[in-house]
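Heads up, the thing below is written out as structure tokens.
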Amino acid sequence: ASGQAESALRVWRRCAKAGDVEGQLRLGCACYQGAAGS
Numbered sequence: 160a161s162g163q164a165e166s167a168l169r170v171w172r173r174c175a176k177a178g179d180v181e182g183q184l185r186l187g188c189a190c191y192q193g194a195a196g197s
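The opening residue of the sequence shown carries number 160 in the numbering used here; numbering runs sequentially from there.
What follows is the structure, encoded as structure tokens:
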């Protein structure tokens with residue numbers, strides 16, 4: 160993943176853990192598409 164994508168993933172993970180629905184959605188989509196790594 161590019162530096163920008165890695166940065167976005169960090170933000171989305173933080174938001175998702177805090178219960179933010181949009182963060183959960185975006186992180187889930189990234190995982191589904193394989194962008195989030197393992």
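Here a beta-carbon is modelled for each residue, glycine too, at the ideal position from N, C-alpha and C.
Since this is a predicted model, take the numbers as computed values, not measurements.
Between the CA atoms of residue j and residue i - distance to the nearest angstrom
i: Lys176; j: Gln163; result: 20 Å
i: Asp179; j: Ser161; result: 24 Å
i: Val170; j: Leu186; result: 9 Å
i: Arg173; j: Gly182; result: 8 Å
i: Ala189; j: Ser166; result: 13 Å
Where residue i sits in the DSSP three-state scheme
i: Ala175; result: helix
i: Gly162; result: helix
i: Ala194; result: coil
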